[in-house]
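In terms of the numbering used here, the sequence shown is residues 140 to 243.
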Amino acid sequence: MPTLKLRNLRCFETEDNWGADHAYLVVNGRHVWGPTRINDNQWREVNVDEPFTSTATIELYEKDDSDPDDYLGTWVARENDSGEQRAFFNADDAHYELFYEVVR
Ligand SMILES: [Ca+2]
Ligand SMILES: [Ca+2]
Ligand SMILES: [Ca+2]
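Here it is, written out as structure tokens:
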């Protein structure tokens, strides 16, 4: 079974207008990482391994306390992705990149 190895998350622009975002990741419907504070031009280690079959749907969200969490985008990783890959999340005027690898 292939394994999705999530390496690190880079934030170029947060969703929140004031202060840091609280980013979290969901893979195939499962909450796998975060929420973790991250601000513009920062990065965070993720280091999550998630086995999957065929495709893995990665979603990034931003947690808010006083209103619903914000959806920042979806990236689909595939079984035959080879080498280091970069996923982009650009919804809601945010800009994040996630480095990952698929190991078979
Ligand atoms: Ca927000
Ligand atoms: Ca927030
Ligand atoms: Ca919100």
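Heads up, the beta-carbon is just placed ideally off N, CA and C, and yes, glycines get one too. All values reported here derive from a predicted model rather than from experimental measurement.
| Item | Value |
| --- | --- |
| Counting along the chain, where does the beta strand (DSSP E) carrying K202 start and finish? | Run containing K202: none; DSSP gives neither H nor E here. |
| With which residues is A230 paired in a DSSP beta bridge? | DSSP output for A230 lists no bridge partner at all. |
| Can you find a heavy atom of ligand 2 that lies under 7 Å from the Cβ of H80? | Residue coverage of the chain in this structure runs from 140 to 243, which leaves residue 80 outside it and unanswerable. |
| Taking V215 and T192 to be in contact with their CB atoms under 8 Å, please state how far apart those CB atoms are, rounded to whole angstroms. | That pair is no contact at about 13 Å. |
| Are at least three pairs of beta-carbons, each pair with one atom in the stretch 142-152 and one in the stretch 181-188, less than 8 Å apart? | yes |
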